[in-house]
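Data block below; observations after.
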Amino acid sequence: MIHEDVEVDGSKAFWRNLVPRLKAERWLLGLTVLLAILATVAGIHFLIVLPFWIVLVAALLNRSAPTSVILSPAKAVVAAGPASDPLVPALNALDMPVLVIAADETVVFQNIAAEKAFGTIPPNTYLAARVRSPGILDMVRETMATGKANQIEHNEQLPSDAVYVVRVAPAEIPGDGPVKRIFLLTYRDISQARRIDRMRSDFVANASHELRTPLASLRGFIETLQGPARNDLKAQEKFFGIMHEQATRMSRLVDDLLSLSRLELRSHIAPDDPVDLAPLLGHVRDSLLPLAKDLDVTVSLVVPDKPVVVRGERDELIEVFENLIENACKYGQEGKKVDVILHGGEGGEAEVVVKDYGPGIPAEHVPRITERFYRVNVEASRSKKGTGLGLAIAKHILTRHRARLLIHSEVGKGTTFTVRF
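The letter at position 94 of the sequence shown is residue 94 when you use UniProt numbering, and the numbering goes up by one with no holes.
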């Protein structure tokens with residue numbers, strides 16, 4: 001669509017409508033002219049007849065004035081026509097854009113949602129002047145011809161990429177005179193649903209790929225053990241170790257996929273159990289000390305003396321901070337230390353900061369590292385036995401807890417993950 005801001009001017013509207021009104025009353029106007037000529041021929045002075053003729057013409061023009069809707073930003077004032085006063089608040093209350101189209105394909109009303117989405121449309125503007133989609137225009141004309149409702153899916157590229165289900169349906173408005181027919185053109189935004197569908201498709205494709213790799217490895221080693229390495233004990237010991245590693249990786253991947261599925265089912269339910277973050281972080285730090293020792297990384301924990309209580313589910317929060325601190329130890333190993341700092345308490349905003357001093361993450365990767373299976377470095381992730389789902393799970397858990405995950409990273413200086421409740 002092309003959106004333009006246009007002010008409605010009363011004098012311009014009068015002159016724009018003058019010619020159609022004169023055409024509508026051409027027979028009566030011709031009769032008045034004929035009477036004026038006859039009066040002049042009969043000897044009545046022209047100046048005496050002129051005022052009566054002007055009054056008569058004005059009355060005829062006023063009688064033939066078309067019904068119209070005057071549109072102004074965020075408000076519609078109805079003079080007369082299909083959208084009567086009680087209908088305006090109802091249409092403005094809808095969260096989807098609605099255009100009311102007259103039988104001559106002019107827009108006679110737009111609700112507030114349509115005004116926000118497409119800009120102000122002046123009254124009696126032809127639909128084709130504002131809607132550039134041939135599919136929508138053809139659909140509207142078909143409905144006007146057949147009287148049957150229609151809908152199509154429309155992709156709008158500007159001002160932003162959006163997908164709408166556009167529907168047009170006829171409606172009849174009773175009045176003092178004959179029943180008037182209008183057409184309601186509605187836009188239902190399904191952009192979010194389409195994005196979710198794409199995410200699900202990508203998720204299935206990625207999950208299939210991630211499972212296919214370890215399965216192929218297992219099949220290859222089994223065939224080797226059944227064939228050339230049947231009697232090679234040294235090769236068997238090596239291959240069995242690799243097979244165990246691949247099976248463990250698949251097990252972790254399946255567990256993470258099941259965790260994500262469970263989280264999605266409960267994403268709308270916020271947990272409400274009180275959880276003190278200080279002892280919880282101490283438990284997580286203690287459980288990860290053997291890993292940190294193997295990686296030669298020191299994990300320091302700083303917590304306030306007072307309790308820092310949030311509403312949540314203890315096991316899920318443990319999973320979040322295990323993921324964050326474990327990632328900091330693995331991927332920030334070069335920095336040799338990880339700081340875990342807890343802020344808040346006594347009604348203040350709770351905040352947990354996990355900071356490593358490793359190589360950092362390039363800026364272009366930061367917005368995407370919480371996506372499923374997204375890896376900054378695929379080989380490094382697999383060598384560290386990552387599934388590519390840890391941060392996605394953490395983000396889902398924090399969303400369920402109505403918390404935010406903030407990420408700041410500088411190449412060469414390390415990465416900071418902040419959990420803000």
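Just so you know, even glycine gets a beta-carbon here, dropped at the ideal spot from N, CA and C. Computed from a predicted model, the values in this text were never measured in an experiment.
### Query
Gly282 by DSSP, collapsed to three states: which one?
Looking up residue 282 in the sequence shown gives position 282. Three-state result, Gly282: helix.
### Query
Along the chain, which unbroken stretches of the beta strand (DSSP E) at least 3 residues long are found entirely within the segment 123-168?
150-156
### Task
Mark Leu324 as exposed unless 16 or more other C-beta atoms lie within 10 angstroms of its C-beta, in which case mark it buried.
Counting from 1 along the sequence shown, the entry for residue 324 is found at position 324. Buried, by the Cβ-count rule.
### Query
From Gly358 to Gln226, what distance separates their C-alpha atoms?
Start at 1 with the first residue of the sequence shown, and residue 358 comes out as number 358. Start at 1 with the first residue of the sequence shown, and residue 226 comes out as number 226. Whole-angstrom Cα-Cα distance: 44 angstroms.
#### Entry: Unbroken alpha helix (DSSP H) run spanning Thr370, endpoints
Residue mapping note: residue 370 aligns to position 370 of the sequence shown, counting from 1. Taken as a continuous stretch (DSSP letters only), Thr370 belongs to no alpha helix (DSSP H), as it is neither H nor E.
### Task
Quick one: grab the DSSP three-state call for Gly358.
Residue mapping note: residue 358 aligns to position 358 of the sequence shown, counting from 1. Three-state DSSP puts Gly358 in coil, outside helix and strand.
### Query
DSSP puts Arg188 in a beta bridge; with which residues?
Within the sequence shown, the letter at position 188 stands for residue 188. DSSP lists Val165 as partners of Arg188.
### Task
Can you have a look at Lys355 and say buried or exposed, based on whether 16 or more other CB atoms are within 10 angstroms of its CB?
The residue given as residue 355 occupies position 355 in the sequence shown. Counting Cβ neighbours within 10 Å, Lys355 comes out buried, since at least 16 surround it.
### Task
Going by DSSP, name the residue or residues bridged to Pro170.
Residue mapping note: residue 170 aligns to position 170 of the sequence shown, counting from 1. Phe183, per the DSSP bridge assignment.
### Message
Quick check: Gln151 and Arg130, are their CB atoms within less than 8 angstroms of each other?
### Response
In the sequence shown, the residue the question calls residue 151 occupies position 151. In the sequence shown, the residue the question calls residue 130 occupies position 130. No, the pair does not count as a contact, with Cβ atoms beyond the cut-off.
### Message
Which residues does DSSP list as the beta-bridge partners of Lys337?
### Response
Working through the sequence shown from its first residue, we reach residue 337 at position 337. Partner(s): Thr298.
### Task
Look up Val107 in the DSSP assignment and give the residues it is bridged to.
By 1-based counting over the sequence shown, the position of residue 107 is 107. Ile101, Thr125.
### Task
Report the partner residues of Val310 according to the DSSP bridge assignment.
The sequence position of residue 310 within the sequence shown is 310, counting from 1. DSSP output for Val310 lists Val275 as bridge partner(s).
### Task
Consult DSSP for His408 and reduce its assignment to one of helix, strand or coil.
Stepping through the sequence shown from its first residue, residue 408 is reached at position 408. The answer is strand: DSSP assigns His408 an E or B state.
### Message
Among the candidates Phe239, Asn155, Val100, Phe421, whose CA atom is the shortest distance from the CA of Ile173?
### Response
Locating residue 173 in the sequence shown gives position 173, where the first residue counts as 1. Nearest of Phe239, Asn155, Val100, Phe421 to Ile173, Cα basis: Val100.
### Message
Distance check for Ala102 and Ser409, CA to CA, integer angstroms please.
### Response
The count along the sequence shown starts at 1 and reaches residue 409 at position 409. The count along the sequence shown starts at 1 and reaches residue 102 at position 102. Taking the straight line joining both Cα atoms gives about 57 angstroms.
### Query
Per DSSP, Phe221 is paired with what?
Here residue 221 refers to the residue found at position 221 of the sequence shown. Partner(s): none; Phe221 has no beta bridge.
### Query
Straight-line CA distance for Ala114 to Val353?
Numbered from 1 along the sequence shown, position 114 holds the residue referred to as residue 114. Numbered from 1 along the sequence shown, position 353 holds the residue referred to as residue 353. Taking the straight line from one Cα to the other gives about 44 angstroms.
### Query
So who's on the other strand from Arg420, going by DSSP bridges?
Taking the first residue of the sequence shown as 1, we reach residue 420 at position 420. Looking at the DSSP assignment, Arg420 forms a beta bridge with Glu351, Arg404.
### Query
Three-state secondary structure (DSSP) at Gly390?
Counting from 1 along the sequence shown, the entry for residue 390 is found at position 390. Gly390: helix per DSSP, three-state reduction.
### Task
Going by DSSP, name the residue or residues bridged to Thr415.
For the purposes of this step, residue 415 is taken as residue 415 along the sequence shown, with counting starting at 1. Paired residue(s): Ser409.
### Query
Can at least three beta-carbon pairs, one atom from the segment 318-337 and one from the segment 280-291, be found at a separation below 8 angstroms?
yes
#### Entry: C-alpha distance - Thr418 paired with Glu351, whole-angstrom precision
Indexing the sequence shown from 1 puts residue 418 at position 418. Indexing the sequence shown from 1 puts residue 351 at position 351. Cα to Cα, the separation comes out at about 7 angstroms.
### Message
Just to confirm the assignment, what range does the alpha helix (DSSP H) spanning Asn92 have?
### Response
Within the sequence shown, the letter at position 92 stands for residue 92. Asn92 -> alpha helix (DSSP H) spans 87-93.
### Query
At a cut of 8 angstroms, does the segment 331-347 reach the segment 297-304 through at least three beta carbon pairs?
yes
### Query
CB-CB under 7 angstroms to Phe239, same chain, minus the five flanking residues each way: which ones, in chain order?
In the sequence shown, residue 239 corresponds to position 239, counting from 1. So the qualifying residues of the chain are Phe221, Thr224, Leu225, Ala229.
### Query
Can you list, in chain order, the residues of its chain whose CB lies under 6 angstroms from that of Asn92, leaving out five sequence neighbours each side?
The sequence position of residue 92 within the sequence shown is 92, counting from 1. Around Asn92: Asn111, Ile112.
### Nearest-angstrom Cα separation, counted from Lys148 out to Arg404
Taking the first residue of the sequence shown as 1, we reach residue 404 at position 404. Taking the first residue of the sequence shown as 1, we reach residue 148 at position 148. Each residue's alpha carbon lies about 48 angstroms from the other.
### Query
CB Ile361 to CB Thr416, shorter than 8 angstroms?
For this step, residue 361 is matched to residue 361 along the sequence shown. For this step, residue 416 is matched to residue 416 along the sequence shown. Contact: no.
#### Entry: Own chain partners of Ala169 with C-beta closer than 6 angstroms, once the 5 adjacent residues on each side are dropped
Within the sequence shown, residue 169 is the residue found at index 169, counting from 1. Taken in chain order, the residues that qualify are Ala149, Leu184.
### Message
If distances are taken between C-alpha atoms only, which option among Asn124, His154, Arg249, Lys330 comes closest to Asp138?
### Response
To locate residue 138, count along the sequence shown from 1; it is residue 138. Residue His154 is the option with its Cα nearest to Asp138.
### Message
Assuming Ser191 and Val163 are in contact, meaning their beta carbons sit under 8 angstroms apart, how far apart are those beta carbons, in whole angstroms?
### Response
Position 191 of the sequence shown holds residue 191. Position 163 of the sequence shown holds residue 163. Indeed, because the Cβ distance is near 5 angstroms, the residues count as touching under 8 angstroms.
### Message
Please state whether the Cβ-Cβ distance between Val108 and Asn124 is less than 8 angstroms.
### Response
Within the sequence shown, numbered from 1, the residue matching residue 108 stands at position 108. Within the sequence shown, numbered from 1, the residue matching residue 124 stands at position 124. It is a contact, given that the beta carbons lie within the stated cut-off.
### Message
Suppose contacts are defined by Cβ-Cβ distances below 8 angstroms. Is Glu349 in contact with Arg420 by that definition?
### Response
Your numbering for residue 349 matches position 349 in the sequence shown. Your numbering for residue 420 matches position 420 in the sequence shown. Their beta carbons are under 8 angstroms apart, which means Glu349 touches Arg420 by this criterion.
### Message
Quick check on the burial criterion: 16 or more other C-beta atoms within 10 angstroms. Buried or exposed for Leu398?
### Response
Taking the sequence shown and counting its residues from 1, the one referred to as residue 398 is at position 398. When all chains shown are included, Leu398 counts as buried.
### Message
For Ile341 and Leu301, I'd like the C-alpha separation in whole angstroms.
### Response
By 1-based counting over the sequence shown, the position of residue 341 is 341. By 1-based counting over the sequence shown, the position of residue 301 is 301. Roughly 6 angstroms separates the two Cα atoms.
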